[in-house]
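Trainee: Below are the C-alpha cells for one structure; questions will follow.
2 protein chains.
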Amino acid sequence: MTWLRDIETFLIDLDGTLYRGNEVIEDAPAFIEWLQSSGRRYLYVTNNSSRTPEQVADHLRHLGIPAQTEDVFTSSQVAAEYIKTDGRSGKRVFAVGEGGLYTALTEAGCEVVKEGPADYVVQGIDRDFSYEKLKHASLLIQSGALFISTNVDKALPTEHGLLPGSGSLAAAIRTASGTEPLVMGKPAARMIDFAIERLGVSKDRAVVVGDNLETDILAGVNADVRTVLVLTGFSKEEHIESAEGRPTVVLHSLTDLRRHVEGTEQ
Amino acid sequence: MTWLRDIETFLIDLDGTLYRGNEVIEDAPAFIEWLQSSGRRYLYVTNNSSRTPEQVADHLRHLGIPAQTEDVFTSSQVAAEYIKTDGRSGKRVFAVGEGGLYTALTEAGCEVVKEGPADYVVQGIDRDFSYEKLKHASLLIQSGALFISTNVDKALPTEHGLLPGSGSLAAAIRTASGTEPLVMGKPAARMIDFAIERLGVSKDRAVVVGDNLETDILAGVNADVRTVLVLTGFSKEEHIESAEGRPTVVLHSLTDLRRHVEGTEQ
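Just so you know, the sequences run in chain order A and S.
Per our numbering, the first sequence starts with residue 1167, numbered consecutively.
Per our numbering, the second sequence starts with residue 1167, numbered consecutively.
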C-alpha cells in the first residue's frame, strides 16, 4: 500500500464516509483539516441530486467539517456539465427533480421546460414525483429526448427507514419508455472522470474514498482510479467477495487512511 | 386443428381482440352472438385494473358486443380473489390504484387502509400515482406486507401515444422495496386458473383467445391451456418465432376461429 504515499487528490464520498445522517463520523473533521494543511487536493463527490453544492457545504460545516461550495460536486452538476458539452444544439430540458437539479441546469445555461418539446429528460430524486411527470418524461423520451438519470440509488437510508431513491423513479421511466437512462452519478465512471477533469489532476495520483462498494468503489473501478473502502458506513468486509468492483484497499477509518498516506501505519 | 371443434369455453381478451380503443373489430359482435346461440361458455379476461366489470361491460355493449357484468373478469378481481382465499388472517390492504381496484377489494371483504399497518400492498394502474404512495407502499412491503401487482403491462397504447402502464409503477415499487411483486394478470397463470375455476369448466375444453403473445398467449401457456393468437391487434406473425410462449394456433380473425370450431374452415 505504499502507493498511497504518492496520492495527491482525494475524491471523497459523504454519507457513510464523513457523516451518517446528522451525525459526524468522529475523525472526519481532523482528516479534512489534515488534507488542507498538508496541501492535498480533495473534492466531495456525492450522488445527492436534490441539494445545491451550497446546501451540501452548509451541512458539512454544520457538522464541523471544512467545506466551500466549490469543494462539492453533485450528480446534478455532472448532468448539467454533460449537457453543456454534449453535441446536441438544443438545450431544452424537462427535469424531474428538486432544487439542486434545477439550479445546476439553470447555471449551466439549460432552458428548463415544463412541457415539451425537449432535447433532454433529466431525472433525479423528486419527492413530488407523479404519474403526470412520469407520463411527460416517457412521451418526451419516446419522441427522441435523451434520458439522463442523475443517479440510480435504489433507496435512501433515513431515520424513517429506506425511502425510495432516484433509482426507483428511473425504473418507472425506463419501463414506461422502454429506454435505458444514461447514468451520471456513481457507479458511472463519468462522475469520477468529470471530477478529475475539473480538478485538472492525474488519475494515477488520485483515489476514490467511500463506504459503498456498489457506488463509490465501482465508480473508481469503472473510471480506472484506485479506491479506498472505509468500513464506517454501508458496505461490510464480507460484502467484498461478491462485489462487482473490488476496492484497491480496505481500511477501518479515515485516520487509518491518513496513517497510510503519511507512512506511519505501523 | 380439429381439437378446436371440442372447445366449449373461450377466455377472450378485449383490446386488440374485440376492439381497438373505441373502434369495434368488425366481426366481434357476431362472434360473441354465435358463442351465445351455440351454447358455448365465455369470459372476458382483461388486465385492465382501473375499470369495474360493470364499466367494462358498458363499454362492450356501447360497441355492440353482448356483455353482462358477470361476463367480465379483471386483474383487480383476481387480486381480490387471491387475497380472499390466501392464508393470511389479516385482510388490510394498502391500494395503489383506481376505482376498479377499490371496488374489487371492497366487494371481496378487504379493509382498504390509507396508512399502515397493512397485510397487503396491491398495485395497479394509478394515474394519481405519487412519491408519497410509492413511499408508503415500499415501507409497508419492507415491514412485511405482501406485494401484489394486478398486472405488469409496461405501457398503455392510447391516442396520445404509449402512456405509462401498471408495470412502470410496479417497477418503481419493486426497485424501492427490493421485493418482486406477485403478479395477478396475464401472463401469470393465476388469472387463467381463476377464470377456469370460476366457470367450473375443464382446461382441456377451454382456449385462451387474444392478440398479444407476451400476455394472452403466454398466460395460456403458463396455465397449460391451449391458445389462439388472432392477428387483429398487437402481435404480428413474425413475432412468434422469438416469443417466450407460442400459440397453439394462429388465425387471422374471430370469423376464422368460428369456422375452425364449426369445422367449416375449407
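Even for Gly, the Cβ is constructed at its ideal location relative to N, Cα and C.
Bear in mind that the values here come from a model prediction, so they are computed numbers and not experimental data.
Helix, strand or coil: which one does DSSP assign to residue 1266/A?
Mentor: Correct three-state label for residue 1266/A: helix.
Trainee: Please confirm if residue 1295/S has its CB atom under 7 Å from at least one CB of chain A.
Mentor: It does: the Cβ of residue 1295/S has a partner Cβ on chain A nearer than 7 Å.
Trainee: With contact counted as at least three CB pairs below 8 Å, one residue from each stretch, are the stretch 1206-1226 of chain A and the stretch 1177-1191 of chain A in contact?
Mentor: Yes, the stretch 1206-1226 of chain A is in contact with the stretch 1177-1191 of chain A.
Trainee: Using DSSP's beta-bridge definition, name the partner residues of residue 1176/A.
Mentor: Residue 1176/A is bridged to 1208/A and 1373/A.
Trainee: Assuming residue 1339/S and residue 1303/S are in contact, meaning their beta carbons sit under 8 Å apart, how far apart are those beta carbons, in whole angstroms?
Mentor: Confirmed, Cβ separation roughly 5 Å.
Trainee: Classify residue 1424/S: buried if its beta carbon has 16 or more other beta carbons within 10 angstroms, exposed otherwise.
Mentor: The residue in question, residue 1424/S, is buried, as its Cβ has 16 or more Cβ neighbours within 10 Å.
Trainee: Rounded C-beta distance between residue 1375/S and residue 1176/S? I'm assuming under 8 Å.
Mentor: Sure, about 6 Å apart at Cβ, within 8 Å.
Trainee: The beta strand (DSSP E) spanning residue 1324/A covers which residue range?
Mentor: Start and end: 1321-1324.
Trainee: Tell me, please, whether the CB atom of residue 1304/S is closer than 7 Å to any CB atom in chain A?
Mentor: For residue 1304/S, the answer is yes, since a Cβ of chain A falls inside 7 Å of its Cβ.
Trainee: Could you work out which residues of chain S lie near residue 1334/A, taking near to mean beta carbons separated by less than 7 Å?
Mentor: The contacting residues are 1300, 1338, 1341 and 1342.
Trainee: Cα separation between residue 1318/S and residue 1347/S?
Mentor: Roughly 9 Å between the two C-alpha positions.
Trainee: Which partner residues does residue 1327/S have in the DSSP bridge list?
Mentor: Per DSSP, 1324/S.
Trainee: Within the 7 Å Cβ cut-off, does residue 1330/A reach chain S?
Mentor: Closer than 7 Å to some Cβ of chain S, the Cβ of residue 1330/A qualifies, so yes.
Trainee: Nearest-angstrom Cα distance between residue 1278/A and residue 1262/A?
Mentor: When rounded, the distance between both Cα atoms is 10 Å.
Trainee: For chain A, is any of its Cβ atoms less than 7 Å away from the one on residue 1327/S?
Mentor: For residue 1327/S, the answer is yes, since a Cβ of chain A falls inside 7 Å of its Cβ.
Trainee: Since residue 1277/S is in the beta strand (DSSP E), which residue starts that stretch and which ends it?
Mentor: Taken as a continuous stretch (DSSP letters only), the beta strand (DSSP E) holding residue 1277/S covers 1277-1279.
Trainee: At a Cβ threshold of 7 Å, is residue 1261/S touching chain A?
Mentor: Judged by the 7 Å Cβ criterion, residue 1261/S is not in contact with chain A.
Trainee: Report the three-state DSSP secondary structure of residue 1239/A (helix, strand or coil).
Mentor: In this structure, residue 1239/A counts as strand in the three-state DSSP scheme.
Trainee: Could you list the residues in the stretch 1309-1321 of chain S with a C-beta less than 7 Å from some C-beta on chain A, going in chain order?
Mentor: So the close ones are 1320 and 1321.
Trainee: At a CB distance below 7 Å, what residues from the stretch 1279-1292 of chain S approach chain A? Give them in sequence order.
Mentor: Flagged, chain order: 1292.
Trainee: Hey, would you say residue 1222/A sits closer than 7 Å to residue 1244/A, going by beta carbons?
Mentor: Result no, Cβ atoms of residue 1222/A and residue 1244/A do not sit closer than 7 Å.
Trainee: Name the residue from 1345/S, 1201/S and 1321/S whose alpha carbon lies nearest to the alpha carbon of residue 1320/A.
Mentor: Checked all of 1345/S, 1201/S and 1321/S; the closest Cα to residue 1320/A is 1345/S.
Trainee: Return no unless some Cβ of chain C is closer than 7 Å to the Cβ of residue 1327/S.
Mentor: This model lacks chain C altogether, as its protein chains are A and S.
Trainee: Residue range of the beta strand (DSSP E) that residue 1417/A falls in?
Mentor: Here the beta strand (DSSP E) through residue 1417/A covers 1415-1417.
Trainee: Would you mind working out which of 1224/S, 1316/S, 1196/S and 1295/S sits nearest residue 1381/S, comparing C-alpha positions?
Mentor: Considering only alpha carbons, the answer is 1316/S.
Trainee: Taking the alpha-carbon of residue 1289/S as reference, which of 1360/S, 1226/S and 1331/S has the nearest alpha-carbon?
Mentor: Comparing Cα-Cα distances from residue 1289/S to each of 1360/S, 1226/S and 1331/S, the minimum goes to 1331/S.
Trainee: If you pair each beta-carbon of the stretch 1182-1198 of chain S with each one of the stretch 1201-1211 of chain A, do three or more pairs fall below 8 Å?
Mentor: With the cut-off at 8 Å, the stretch 1182-1198 of chain S and the stretch 1201-1211 of chain A do not touch.
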